[in-house]
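Enquirer: Can you read through this structure? Questions will come right after.
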């Protein structure tokens, strides 16, 4: 703020109470006007669908014929839906796996790229790692299916060259989820790398200089300077990647279609299946709400837990 | 001093600046939300021109199949602006196609003319999405004449529900065995005969396969591993079906179903002459000579034409028990109940089902035309392998692909459970029992 504006502001504050109130009202109005587009978007695209979804839980609705009252049928059905529990178990394993590996790999890549190196190499490396993030999932999945197919797949061919048996990457229940995890980490860790890189570049160099003067090596600097100072960034990255992982759909859809059987099916696919294949909008909404509640609970837990390990300067 | 003058003072504070910007932004947003003013009518004085009625058709086929039809429409039905768009297949075959279509219709999208095959027909009629064509046919003698005399009765009846004609047949498919003639010749094998058996087939597979896990692997046969149509080609040749004859019950516990599935699973797991279907690109491998035989309909000719691959021929599926059968399924064009211009839509249905459009499809290597007259034209043999006549002549012993009203539920259940057989995780009996346990309650809902 310039000194002129500051002095004018001070004069404003010293004006009569009536004028101050009028100014405050105008300021509030301006603030509301600024926020209105975002609020409208939130209302139309988030709040209303949530309310509609909540209402749908108590209805039988197939999109094409008028809805019928279902009472608590869709809710009670949740308790007996063994497929849903199996699919939640898949989702949980996938979520833990991709959140962990995306963040660890994203951080390591960011630390690596944050070191001194020729600008050309840095540019090439950053672009290469971020490139999968920019490419459409469907095109990449076609390539990965070619790579991972059991018979005549490129990866199995290479594995065979070192004398190992082919791995049923996409066709085995044990491996399908692992394949989906590998694909997601390869595709998404570049995004987290960028976030961590921004966090690393915000750490003042003086802290490292001080640490070096105190005789700290690379690992001690990383543990005692980098990690604490990057913890707000890490917290943000973990929260968004965890929520994103719970909502993974396209990566698994195009790679394994949830198979074999339900071995790699995740909850977002199950919600889609119930809503747009079975046209059971009521039950799909009930399943969606379980996901909604789980995500809220996990996010709250993370915020509570963050007090112990997130350090703000 | 007016307020405006105060705000326009050159030492304007940041708050004032923000206020103005906020008001300006809000004003711009409101202006953008407001309905645009009517454009000045340049021709207000002149006679209003008759706008053509837009009729939108949606199809399962590549939309370029209808490029020539669009050109012809301008001349033949000048009052109609015809559009053809593609409807997505979702994750599966006609089940995914039907789901996508219903979602589009529920979303309020204008779709006047609908292509659907028998697999999705009952679902669409149950949802009241299609208009019965009988009234149109009653008032259109030429179209009815073609339907009655140039379309095989089996195809015609496949697109009827409760005796009403809901779709005008356009094309159909059966499933035949494609085989690489060059490899057969190289291995000194005679072309398979019309009445070849499963034993003959297995013997052939063992003779042509060369699978060692290396870069030169050659598989004898591959199948989709999913899909009612592909599996029915095998079931029917063992005189069994996965559903009861009335399509109202599961028949998965019939021992012949298990026998059929076991035979197919053994090709992958025991004899190792077929690849695991997951991720396997049958088209590319067949054209590259890494796959010797595959089961497919006429539409696979399209891929071979594109790949300029012509060392192949076709034969009926190998046979096990009962009368020789082939699976068949028909698609056609129908009028949507949501169409505001059903009469114009009917004109489009006729144009998209006519001889010229059928020839366009044949030339692109698409399905078998429903019009017998087109299947008898030289062009039909010209764009196909030497034994291409098999495609149409099988109609006399074709059995309809099981197509219950809940086809979109049935097919995914079967596919999920088949997958656990092909990967060897469950025995055929376990997987079929699990599929039956899941399927039967869904079939019972049809009887409620």
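Chains as they are written, first to last, in our numbering: chain A, 1 to 313; chain B, 314 to 761.
Here a beta-carbon is modelled for each residue, glycine too, at the ideal position from N, C-alpha and C.
1) For the pair the region 378-387 of chain B and the region 408-416 of chain B, tell me if three or more CB-CB distances fall below 8 Å.
2) How many Å lie between residue 134 (chain A) and residue 140 (chain A) at the Cα?
3) Can you find the residues in the same chain that come closer than 7 Å, C-beta to C-beta, to residue 577 (chain B), ignoring five residues on each side of it along the sequence?
4) Whose Cβ in chain A lies nearer than 8 Å to the Cβ of residue 598 (chain B)?
5) On the CB-based measure, 16 or more other CB atoms within 10 Å of its CB, does residue 16 (chain A) come out buried or exposed?
6) Can we say the region 573-593 of chain B touches the region 475-486 of chain B, given the rule of at least three CB pairs closer than 8 Å?
7) So does residue 95 (chain A) have its beta carbon nearer than 7 Å to some heavy atom of the ligand NAP?
8) Nearest CA to the CA of residue 196 (chain A): which residue from A:240, A:166, A:300, A:132?
9) Are residue 220 (chain A) and residue 211 (chain A) touching if we call contact CB-CB under 8 Å?
10) Taking the CB atoms as reference points, tell me whether residue 498 (chain B) and residue 720 (chain B) lie closer together than 8 Å.
11) Measure the beta-carbon distance from residue 485 (chain B) to residue 712 (chain B) and round it to whole angstroms, keeping in mind my assumption that it falls under 8 Å.
12) Which of the three DSSP states, helix, strand or coil, is assigned to residue 690 (chain B)?
13) List, in chain order, every chain B residue whose beta-carbon is nearer than 8 Å to that of residue 160 (chain A).
14) Comparing C-alpha positions only, which one of B:756, B:738, B:370 sits nearest to residue 726 (chain B)?
15) Can you find a CB in chain B that lies within less than 8 Å of the CB of residue 250 (chain A)?
16) Determine, using beta carbons only, whether residue 203 (chain A) and residue 226 (chain A) come nearer to each other than 8 Å.
17) Write down the C-beta distance between residue 630 (chain B) and residue 639 (chain B) rounded to the nearest angstrom, noting that I regard them as a contact closer than 8 Å.
18) On the three-state DSSP scale, how would you describe residue 531 (chain B)?
19) Take the Cβ of residue 598 (chain B) as the centre, count every other Cβ of all protein chains shown within 10 Å, and call the residue buried at 16 or more, exposed below.
20) List, in chain order, every chain A residue whose beta-carbon is nearer than 7 Å to that of residue 412 (chain B).
21) Give me the subset of the region 466-480 of chain B whose CB atoms are less than 8 Å from a CB atom of chain A, sorted by chain position.
22) According to the neighbour-count rule (16 or more other Cβ atoms, all chains shown, within 10 Å of its Cβ), is residue 695 (chain B) buried or exposed?
23) Would you kindly check if the distance between the Cβ of residue 53 (chain A) and the Cβ of residue 288 (chain A) is under 8 Å?
24) Give the C-beta separation of residue 560 (chain B) and residue 655 (chain B) to the nearest angstrom, bearing in mind that I take them to be a contact with Cβ-Cβ under 8 Å.
25) Select from A:290, A:46, A:200, A:256 the residue whose C-alpha is nearest the C-alpha of residue 114 (chain A).
26) Tell me the rounded alpha-carbon separation between residue 489 (chain B) and residue 737 (chain B).
27) May I ask which residues mark the beginning and end of the alpha helix (DSSP H) holding residue 457 (chain B)?
28) Could you give the first and the last residue of the continuous beta strand (DSSP E) run that contains residue 370 (chain B)?
29) Roughly how many angstroms separate the alpha carbons of residue 339 (chain B) and residue 29 (chain A), rounded to a whole number?
30) Is the CB-CB distance between residue 551 (chain B) and residue 569 (chain B) below 8 Å?
31) Quick one: is residue 131 (chain A) buried, meaning 16 or more other Cβ sit within 10 Å of its Cβ, or exposed?
32) Quick one: what's residue 682 (chain B) bridged to in DSSP?
33) What are the residues in the region 481-503 of chain B lying within 7 Å of chain A by C-beta distance?
34) Going by the DSSP bridge assignment, what does residue 396 (chain B) pair with across the sheet?
35) Would DSSP call residue 491 (chain B) helix, strand or coil?
36) Does the count of Cβ pairs from the region 732-749 of chain B and the region 496-510 of chain B closer than 8 Å reach three?
Expert: Taking the definition as stated:
1) No, because fewer than three Cβ pairs between the region 378-387 of chain B and the region 408-416 of chain B fall closer than 8 Å, the two stretches do not touch.
2) 11 Å
3) 536, 547
4) 152
5) exposed
6) As far as the Cβ criterion goes, the region 573-593 of chain B does not touch the region 475-486 of chain B, which means the pair count is below three.
7) Because no ligand of any kind appears in the structure shown, any question about the ligand NAP cannot be addressed here.
8) A:240
9) yes
10) no
11) Actually they do not touch by this definition, with Cβ atoms about 13 Å apart.
12) coil
13) 526, 527
14) B:756
15) no
16) yes
17) 7 Å
18) strand
19) By the neighbour-count rule (16 or more Cβ atoms within 10 Å), residue 598 (chain B) is buried.
20) 276, 277
21) Taken residue by residue, none of the region 466-480 of chain B has a beta-carbon sitting less than 8 Å from a beta-carbon on chain A.
22) exposed
23) yes
24) Contact doesn't hold; Cβ gap of about 29 Å is too wide.
25) A:200
26) 27 Å
27) 454-462
28) Run containing residue 370 (chain B): 366-372, per the beta strand (DSSP E) assignment.
29) With a pLDDT of 41 at residue 339 (chain B), under the threshold of 50, the modelled position of this residue cannot be trusted, and the question is left open.
30) Yes, Cβ-Cβ distance for residue 551 (chain B) and residue 569 (chain B) is below 8 Å.
31) exposed
32) B:484
33) So the list is empty, because no residue satisfies the distance condition.
34) B:369
35) Residue 491 (chain B): strand per DSSP, three-state reduction.
36) Contact fails: fewer than three Cβ-Cβ distances are below 8 Å.
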